[in-house]
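A short write-up of the structure that comes next.
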Amino acid sequence: MSSSSSWRKPETKNRELIDVVFAWSILDVLNKDFYKNKVNKIPERFSSSTAYTKSFVDPLLEETHAELLSSMNGISRASTRGIMVISEEKKDIKFPNYYLYSIYFEKKSRSENYEPEVGDLIVLTNVKPRRVNDLRPYVIASVQRVHNEDHATTQVISSKPIPFSWIQSHKGGKVINKVFAVNLMNLTTNTRIWQALHSSLDGNKNMKMINKVLQTDSMGKEKCAICTVEDTKKSASPILQEAMCGFNLNSSQETAVWSCITARECHHQESVNLIWGPPGTGKTKTTGCLLFALWELKCCTLTCAPTNNAVLEVTKRFMSLVTGSLKYAPYGYGDIVIFGNGKRMKIDDFQELSQVFLENRVSALAACLSPIIGWRSKAGSMIRLLKFPEAEYRLYNVSSERKADDETDSDDAEDSDDDDEFGLKEKVMKNKKSDDDKLSIREFITKRFNVLAEELTTMVRNLYTHMPTSFVTLKLAKKMMTLISLVQSLGDSVIQPFAISEQTEITLTEFMVTKDFLQTANEVLCETVSFPNFKDDQEAGNFCLMNACSVFCTASSSSRLHSLDQTNVELLVVDEAGQLRECESVIPLQLSRLRDVVLIGDERQLPAMVTSKICKEAQFGRSLFERLVSLEHTTHLLNVQYRMHPDISLFPNKEFYGDKLLNGPNVEENSYKKQFLEGDMFGSYSFIHLAQGKVEFDGYSGKNMVEVAVVVELLAKLHKESVKNKQKISVGCIAPYKAQVTAIQKKLGDIYQTGEDFYVKVGTVDGFQGCEEDVIIISTVTGVGSDSIGFLGTRQRANVALTRARHCLWILGNGDTLKSSSEIWERLVDNAKVRCCYHEADQDECLSRLITNTLEEHDDGNFENGWLSNRIAAMSLTKGVGSSLSSSSRFSQNCRKW
1 MSSSSSWRKP ETKNRELIDV VFAWSILDVL NKDFYKNKVN KIPERFSSST AYTKSFVDPL
61 LEETHAELLS SMNGISRAST RGIMVISEEK KDIKFPNYYL YSIYFEKKSR SENYEPEVGD
121 LIVLTNVKPR RVNDLRPYVI ASVQRVHNED HATTQVISSK PIPFSWIQSH KGGKVINKVF
181 AVNLMNLTTN TRIWQALHSS LDGNKNMKMI NKVLQTDSMG KEKCAICTVE DTKKSASPIL
241 QEAMCGFNLN SSQETAVWSC ITARECHHQE SVNLIWGPPG TGKTKTTGCL LFALWELKCC
301 TLTCAPTNNA VLEVTKRFMS LVTGSLKYAP YGYGDIVIFG NGKRMKIDDF QELSQVFLEN
361 RVSALAACLS PIIGWRSKAG SMIRLLKFPE AEYRLYNVSS ERKADDETDS DDAEDSDDDD
421 EFGLKEKVMK NKKSDDDKLS IREFITKRFN VLAEELTTMV RNLYTHMPTS FVTLKLAKKM
481 MTLISLVQSL GDSVIQPFAI SEQTEITLTE FMVTKDFLQT ANEVLCETVS FPNFKDDQEA
541 GNFCLMNACS VFCTASSSSR LHSLDQTNVE LLVVDEAGQL RECESVIPLQ LSRLRDVVLI
601 GDERQLPAMV TSKICKEAQF GRSLFERLVS LEHTTHLLNV QYRMHPDISL FPNKEFYGDK
661 LLNGPNVEEN SYKKQFLEGD MFGSYSFIHL AQGKVEFDGY SGKNMVEVAV VVELLAKLHK
721 ESVKNKQKIS VGCIAPYKAQ VTAIQKKLGD IYQTGEDFYV KVGTVDGFQG CEEDVIIIST
781 VTGVGSDSIG FLGTRQRANV ALTRARHCLW ILGNGDTLKS SSEIWERLVD NAKVRCCYHE
841 ADQDECLSRL ITNTLEEHDD GNFENGWLSN RIAAMSLTKG VGSSLSSSSR FSQNCRKW
């Protein structure tokens, strides 16, 4: 690697991110202050688009450096894989200064399971490293292509030649050298951001929306004085007006949607609209309704989100509305596309999205439009079969005879040296068998028709499902549907003509060919003659994206749209906008025809993850949504929450939203208050004070085994009630540290993973963003040995943790420690005391005994195999028993023993 000073260039104009990364030495990477003096705080306002994009460049480099440093420090845990062969290729035109290699990996094993992906930054070395010092010698490389599904063949570029002396060779059955690929990080997202930040220099990008969000003055947030919501409502189509009425939106939701529609219909200026959606206020519903309204307006829309899961959820909500509105579903799906890495998205878990996922669409269209085996070929074969059945049967006979002759010739060649009487007899028997295997004309027509009918039906349906409506009009789609119906109706009559003797000359045309079928088939064939032929999957995918009306992907993946010859996207919707780093939103903001943006989120919930402390101080994780809100950009607040019981929403509403939120009528009903366990301690909202319990830290991650024991006990009681009352209960257990999450999961095992009526999820706050459960148990991991609560101490994470519950929220922790750890938790403890929701765990006899036993056994070092383990074993008695009273009885007996 080059020296540590090689990166110090005044401009990054003509450099790619990989150029900068390749220039770092290991010493540079291990220097945590490498960029300390180069990162400036990102301002709230910008003087120009150049100043705007440039402000993110150095923080992006620092964040990339910090992520790589974190990977290096944990290199012993990095995924690895052995390499069998390395072959050098010709120079890559895109990277003329680097070396191009093809790598052939060994088969995966339990210990070597690295699966390369494009964008991976890997280190090649001849040892499996346990520490950074083991990387001697080494070569840094970047994955450019992965050639096959098993990831065995990969193309990489490296900053310097790979010594061929590394490549393993065998001598005397022993391996002389072995090369390993060690995965460090994936640079794809950072590379896309880098390219977006430098794209203004090529002059080909749309900077209108970038200029709109600079906020140099008040011009960026002014509304059009001419276009009003009232005028938009009056001029809207009856279909849209009816749809809006059917959505059952509350006043704030409806205002937000109509305001965005008004901005889109305005042709006087570009617009940036903000929809502020606090927890439980129907943000996803509002987003889905807005997207459906834009769909009805034929507005070409790109919907982005920070994560794959968020993209899937908003697409699923939109698709449910579209499917319910389509008269001839799935016709119309061709105008909707969701794309990304299917494996990472786990798209197979979302069957309702399979028909709009880009990879599936490309595969379907490739088969349909193939000139050799596509739908036109199948239609032609069906017409010939129905019009000229005897001729098709003769062709079949000729083909069968040729095949038999070929087999006989092959047998002759094999038996030429042994042409005895037995061999001749065997040949005769083979030929006789061949004659017997031939299908009769009735069997041939029936079998051939059924095969063609199935293939033709599938392909025609795929055509009107996956082709954009600009290519398949409704009129043509109806003809295709008619064609399928005619094929199906013909199926019943195909074998009827064969009631006559097979000795009689057979003419099938009068029985099988209908005028309607032939006419419809020919019409469809003529009207689809202009359908494109694709040379590869990339071209097919681009065709689908360019002709789609509603596109869904992550903000990072939207970079693919920049590579298209043209894109019709005119409006950008960013869901979960509060979680998207502003520099990442620059990618979709530069689409060539974009003129309106809608940001939907809540800056008071979780922000984007940032690794570097320097970048956190520089506001690198701040979202565009948060910055515009801080500058008092007009926002549409969704002000009615439908999730939390009023006792739960009371504190977060006051603390985080200034009492601006109203409780929905559903949560105000008496039936919404649920008492799953007896006692005031287990009401809708309670703080359970655990005075005892020690916090143990493993590095930065802590755990409190007393809290673990209490969580497990509460889950056991809830499960018992669920079984006893045949009641469905979903429970979420939230902890600030991964060590606590792991400890709880370890004690629970898979005990609650098979029942449908009782569901448990355990995770950190970040894993619960966007989730809601009937009961939430927060384990704050406080007590002796702790003076903070980690990430849970930040306002945004506290907000998320406290707003996930529907019916019950139980907070476990040491109240005294929490009061001294952060202002937000001090106010929460005081508020709980004032409301008489603060409870001493010792007040509950069962919990008191549990805590005592846990402390004793933990102090004796027997905690892993002591009381709690016995408790888990007893809990397993009810595992999988459903509502069995006998099992429930045994469970109660064990409880009395303790």
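Here full-length UniProt numbering is used: the first residue of the sequence shown is 1, the next is one more, and so on.
Positions of the beta carbon are idealized from the N, C-alpha and C atoms, including for glycine.
query, result
"Taking only the alpha-carbon atoms, compute the straight-line gap between residue 925 and Leu290 and give it to the nearest angstrom.", "Nothing about residue 925 can be read from this structure; the chain reaches only from 1 to 898."
"As a quick exercise: from Thr611, Leu594, Gln590 and Phe625, pick the residue whose alpha carbon is nearest that of Arg604.", "Phe625"
"Count the other CB atoms, across all protein chains shown, that sit within 10 Å of the CB of Phe697; report buried if there are 16 or more and exposed otherwise.", "exposed"
"Evaluate the contact criterion for the stretch 223-233 versus the stretch 585-598: three or more CB pairs, one atom per stretch, below 8 Å.", "no"
"Relative to the alpha-carbon of Asn853, which residue among Phe552, Val706 and Gln796 has its alpha-carbon at the smallest distance?", "Val706"
"Closer than 8 Å is the cut-off here; do at least three beta carbon pairs connect the stretch 525-532 with the stretch 269-277?", "no"
"Is the stretch 12-27 touching the stretch 59-78 in the sense that three or more CB pairs, one from each, lie closer than 8 Å?", "yes"
"Would you give the residue range spanned by the beta strand (DSSP E) that Glu840 belongs to?", "Tyr838 to Glu840"
"Is DSSP giving Met319 helix, strand or coil here?", "helix"
"Enumerate, from N- to C-terminal direction, the unbroken alpha helix (DSSP H) stretches of 4 or more residues contained entirely within the stretch 672-736.", "705-725"
"Find out if the Cβ-Cβ distance for the pair Glu270, Lys212 is shorter than 8 Å.", "yes"
"State the CB to CB distance for the pair Ser71 and Leu184, rounded to an integer number of angstroms; the pair is presumed to be in contact (CB under 8 Å).", "4 Å"
"List in chain order: all unbroken beta strand (DSSP E) runs of 3+ residues lying wholly within the stretch 599-650.", "635-637"
"Once you ignore the five residues that flank Pro532 on each side, which residues in its own chain have a CB closer than 8 Å to its CB?", "Leu369 and Phe543"
"Go ahead and label Lys703 buried or exposed: buried means 16 or more other beta carbons lie within 10 angstroms of its beta carbon, across all protein chains shown.", "buried"
"Mark Met209 as exposed unless 16 or more other C-beta atoms lie within 10 angstroms of its C-beta, in which case mark it buried.", "buried"
"By DSSP, does Arg581 sit in helix, in strand, or in coil?", "strand"
"Could you give the distance in angstroms between the alpha-carbon of Arg81 and the alpha-carbon of Phe768?", "33 Å"
"Just the Cα atoms here: how many angstroms apart are Val781 and Ser76?", "28 Å"
"Which residue comes first and which comes last in the alpha helix (DSSP H) that contains Arg442?", "Ile441 to His466"
"Report yes or no: do the stretch 837-852 and the stretch 722-734 share at least 3 C-beta pairs separated by less than 8 Å?", "no"
"Are the CB atoms of Val322 and Ile338 nearer to each other than 8 Å?", "no"
"With a threshold of 8 Å on Cβ separation, who are the neighbours of Asp92 within its own chain once the five nearest residues in sequence on each side are excluded?", "Tyr98, Leu100, Gln144 and Ile157"
"Hey, would you say Val179 sits closer than 8 Å to Ile42, going by beta carbons?", "no"
"Closest to Ala739 by C-alpha separation, out of Val695, Val712, Ser722 and Asn725, would be which residue?", "Val695"
"Secondary structure at Arg145, three-state DSSP: helix, strand or coil?", "strand"
"Using DSSP with H/G/I as helix, E/B as strand and the rest coil, what is Phe863?", "Bear in mind that the predicted position of Phe863 carries a pLDDT of just 46, short of 50, making it unreliable; the figure below should be weighed with that in mind. Three-state DSSP puts Phe863 in a helix."
"On the CB-based measure, 16 or more other CB atoms within 10 Å of its CB, does Ala225 come out buried or exposed?", "exposed"
"Which one of Ala618, Tyr752, Cys266 and Glu88 has the shortest CA to CA distance from Val723?", "Tyr752"
"Closest by CA to Glu840, which one among Val118, Asp680 and Glu823?", "Asp680"
"Measuring alpha carbon to alpha carbon, tell me which of Ser325, Lys285, Leu294 and Ser320 ends up nearest Gln351.", "Ser320"
"Below 6 Å CB to CB, which residues in the same chain sit around Arg317 once its five sequence neighbours on both sides are set aside?", "Thr284 and Gly288"
"My assumption, with CB atoms under 8 Å, is that Val800 sits in contact with Val765. Please give the rounded CB distance.", "5 Å"
"Taking C-alpha atoms, which residue in Ala391, Trp825 and Gly491 lies nearest to Leu452?", "Gly491"
"What residues match up with Val775 in a beta bridge as DSSP calls it?", "Val731 and Cys808"
"Just reading off the beta strand (DSSP E) that Asp830 is part of, what are its end residues?", "No beta strand (DSSP E) holds Asp830; the alpha helix (DSSP H) holding it covers Glu823 to Val834."
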